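Here the structure comes first, spelled out in structure tokens, and everything after it is commentary.
Spelled out as structure tokens, the structure:
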């Protein structure tokens with residue numbers, strides 16, 4: 001009898017979660033338990049606009065189907081359970097009402113809410129001239145105003161309305177045309193309209209060819225999303241992979257990435273990308289040129305294609321770009337080319353000139369130019385990493401301050417240099433073509449192409465670092481040796497307008513003897529000069545236009561003088577070096593990088 005009574009008490013304890021010494025105490029305790037549960041549930045729900053209302057129905061379900069409840073004959077306990085169920089049912093109704101008001105699907109699921117009733121605002125027609133004409137969200141408009149933009153560029157006018165309507169796009173526009181905002185604004189509007197939360201994972205991926213371009217696009221996205229609640233992040237080679245993986249696992253709604261690191265995370269980092277709605281491939285031709293074709297195919301194969309809008313931007317339309325468009329875009333994409341009706345391939349407001357200069361006078365002319373324009377913001381392009389390193393060290397040593405940027409630097413150094421020069425009012429940046437594609441460096445006055453570009457396309461991208469945006473002005477100067485003059489005909493075919501500049505000999509500072517003395521006496525500069533000289537010849541031998549830039553036509557004695565040598569140093573030259581890679585990337589090397597070892601011969 002006593003054991004049966006004790007067993008009954010234990011069952012009541014199990015059912016109600018409190019001791020039951022008597023029916024009176026059991027009833028009192030059950031009521032108290034009910035009250036505490038109700039208050040606790042209210043506390044959990046009231047401050048939360050999202051997250052954990054699913055805990056309430058789970059708890060209620062437990063009360064209905066717990067085996068101990070079925071085995072407990074106590075009418076008091078049963079009544080209390082019914083009271084609990086009724087009270088919690090009332091809470092469930094309140095939660096459902098709140099969920100109806102906030103259609104964000106706020107539960108622990110990574111799925112997006114039902115998007116049947118969610119859509120972007122009505123889009124404006126192509127006659128819209130200002131961002132305010134586009135019916136954008138208030139938060140986006142506020143961000144654009146904060147960035148100082150009011151009127152749209154041509155690529156923005158023609159692409160943003162159809163992109164807001166959800167169309168796929170294949171776009172061609174000159175560098176500096178404003179395409180970054182053209183693809184980011186519709187992407188951010190989509191994230192906002194679907195009310196993406198971190199747990200919904202990645203909804204937008206922007207793929208960029210270089211780390212610097214990725215950092216720049218990330219900076220624009222950060223400004224554009226300043227007033228939005230969605231998250232954003234960046235994954236690039238050279239950065240801390242573990243930190244990137246941690247952030248991805250927490251949820252990054254808009255992700256900017258380089259192809260190699262993106263593929264790495266897609267294959268090995270557990271993060272949510274099943275809700276991807278927008279894929280943006282920027283500078284697609286450049287991505288393919290630098291050897292990321294296989295990575296891009298793998299990325300597109302992994303990413304979900306259902307409900308995905310794809311935007312592909314490319315300055316040039318090659319066969320490989322067309323192949324990439326075919327596998328990534330939906331049938332019938334919109335094609336926009338804002339350059340096809342233009343008389344020139346370069347932006348308006350850009351004055352372009354060239355100077356014919358013997359090899360031994362090249363550095364003297366550059367030094368004189370930089371001295372005379374030390375109050376300007378200037379970018380000087382060279383063909384190899386070692387040449388950049390040498391000339392930057394030399395100019396800094398002789399009190400002509402400059403920054404340097406090239407592909408052999410660590411990512412942290414490249415990032416720091418990029419932002420330092422971007423924020424500077426004046427100064428000189430010596431760099432390879434790593435900085436030539438897409439980077440938006442404000443208020444650049446002069447582009448100096450000290451070493452000639454690989455072909456007209458690279459020329460256009462180099463000069464695109466100045467005269468960026470509407471009504472901007474800029475100048476460019478191309479150095480050519482007498483044996484390179486035929487390159488002008490290639491530029492003319494590419495619709496590049498050039499005029500010849502003359503520099504009076506008396507205005508060129510003759511510091512050759514001081515330069516040679518310095519290089520002969522300074523061990524470190526001598527070593528750097530020798531590396532720069534060797535890499536210059538390597539890069540020259542790897543030109544795609546070998547009929548114009550023939551390394552055998554160079555006067556090596558004069559070339560050596562431009563590096564500060566009285567006579568050419570004895571070095572091993574590597575010619576015809578990266579021919580196998582040339583075949584892989586359309587017969588072109590990634591200009592500004594070092595070729596591999598190949599045929600050797602000695603020169604004095």
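In the UniProt record's numbering, the protein residues as written are 1 to 604. Ideal Cβ placement from N, Cα and C applies to all residues, glycine included. Given the structure is predicted, the values throughout are model-derived calculations rather than measurements.
**Q.** Rounded C-alpha distance that separates residue 507 from residue 368
**A.** Residue 507 and residue 368: Cα-Cα distance of roughly 8 Å.
**Q.** Inter-stretch contact (C-beta, 8 Å, three-pair minimum) for the stretch 198 to 206 and the stretch 161 to 178
**A.** no
**Q.** Residues of its chain near residue 336, where Cβ-Cβ distance is below 6 Å and the 5 sequence neighbours each way are ignored
**A.** 158, 159 and 171
Q.
By alpha-carbon positions, which one of 442, 205, 258 and 509 ends up nearest to residue 376?
A. 442
(Q) Between the stretch 454 to 465 and the stretch 307 to 323, can you find at least three pairs of beta-carbon atoms closer than 8 Å? (A) The stretch 307 to 323 vs the stretch 454 to 465: in contact.
Q) Using the C-alpha atoms, what's the distance from residue 539 back to residue 381? A) 13 Å
Q: State whether the stretch 521 to 530 contacts the stretch 318 to 338, with contact taken as three or more CB pairs (one from each stretch) at a distance under 8 Å.
A: no
Q) Within the chosen definition, does the stretch 295 to 304 reach the stretch 262 to 276 through at least 3 CB pairs nearer than 8 Å? A) yes
(Q) The beta strand (DSSP E) that contains residue 475, what's its start and end? (A) That run of the beta strand (DSSP E) goes 474 to 480.
Q | For residue 395 and residue 404, the rounded distance between their alpha carbons | A | 11 Å
Q.
Does the contact criterion of 3 or more C-beta pairs under 8 Å hold for the stretch 414 to 421 versus the stretch 486 to 506?
A. With a cut-off of 8 Å, the stretch 486 to 506 and the stretch 414 to 421 do not count as touching, because too few Cβ pairs lie within range.
Q) For residue 386, which option in 473, 237, 430 and 235 has the closest C-alpha, if you only look at C-alpha atoms? A) 430
Q.
Here's the rule I'm using: 16 or more other beta-carbon atoms within 10 Å means buried, otherwise exposed. How should residue 285 be labelled?
A. Using a 10 angstroms sphere on the CB of residue 285, the tally of other CB atoms reaches 16 or more, which defines it as buried.
Q: Look up residue 99 in the DSSP assignment and say whether it is helix, strand or coil.
A: In this predicted model, residue 99 has a pLDDT of only 45, less than 50, meaning its place in the structure is not dependable; the value taken from the coordinates is given anyway. Residue state, collapsed to three classes: helix.
Q. Using a Cβ-Cβ cut-off of 6 Å (strictly less than) and excluding sequence neighbours within five positions of residue 288, which residues of its own chain qualify?
A. 320
Q) How many angstroms separate the CA atom of residue 205 from the CA atom of residue 168? A) Residue 168 has its alpha-carbon roughly 14 Å from the corresponding atom of residue 205.
(Q) Does the structure place the stretch 205 to 214 close enough to the stretch 240 to 247 that three or more beta carbon pairs sit under 8 Å? (A) Contact fails: fewer than three Cβ-Cβ distances are below 8 Å.
Q: Measuring alpha carbon to alpha carbon, tell me which of 490, 499 and 364 ends up nearest residue 352.
A: Closest in alpha carbon position to residue 352, among 490, 499 and 364, is 499.
**Q.** In DSSP terms, what residue 351 is bridged to
**A.** 475
Q: Between the Cα of residue 515 and those of 570, 535, 566 and 282, spot the shortest distance and give me the residue it belongs to.
A: 566
Q: Can you give me the start and stop residues for the alpha helix (DSSP H) that residue 234 sits inside?
A: Residue 234 -> not in any alpha helix (DSSP H); beta strand (DSSP E) instead, spanning 232 to 235.
Q: Could you tell me the distance, in whole angstroms, from the CA atom of residue 134 to the CA atom of residue 182?
A: 12 Å
Q.
Within a Cβ cutoff of 6 Å, which residues of the same chain sit near residue 196, ignoring the five residues on either side of it in sequence?
A. 203, 230 and 253
Q) In the DSSP assignment, what are the bridge partners of residue 311? A) 169 and 280
Q: Using alpha carbons as the reference points, say which of 374, 237, 257 and 413 lies closest to residue 444.
A: Among 374, 237, 257 and 413, the Cα nearest to that of residue 444 belongs to 374.
Q: Quick one: measure Cβ to Cβ for residue 234 and residue 263, integer angstroms, because I've assumed they're closer than 8 Å.
A: With a Cβ gap of about 15 Å, residue 234 and residue 263 do not count as contacting.
Q. Taking just the CA atoms, how far does residue 378 sit from residue 550?
A. Straight-line spacing of the CA atoms in residue 550 and residue 378 works out to 29 Å.
Q: Using three-state DSSP, classify residue 431 as helix, strand or coil.
A: Three-state result, residue 431: strand.
Q) From residue 294 to residue 266, what does the alpha carbon distance come to, in whole angstroms? A) 14 Å
Q. Between the beta-carbon of residue 452 and the beta-carbon of residue 477, is there less than 8 Å?
A. No, these two residues do not count as a Cβ contact at 8 Å.
Q: Please name the residue in 366, 329, 155 and 537 whose C-alpha comes closest to that of residue 185.
A: 155
**Q.** Neighbour-count burial assignment, residue 564, 16 or more Cβ in a 10 Å radius
**A.** Buried: at least 16 other Cβ atoms inside 10 Å.
Q: Would you kindly report the start and end of the unbroken beta strand (DSSP E) that includes residue 337?
A: 334 to 337 is the extent of the beta strand (DSSP E) around residue 337.
Q: Using a threshold of 8 Å, state whether the C-beta atoms of residue 221 and residue 236 are closer than that.
A: no
(Q) Just to check my reading of the structure: residue 557 and residue 568 have Cβ atoms closer than 8 Å, yes? What is that Cβ distance to the nearest angstrom? (A) 6 Å
Q: Let me know the secondary structure DSSP gives residue 510 once reduced to three states.
A: coil
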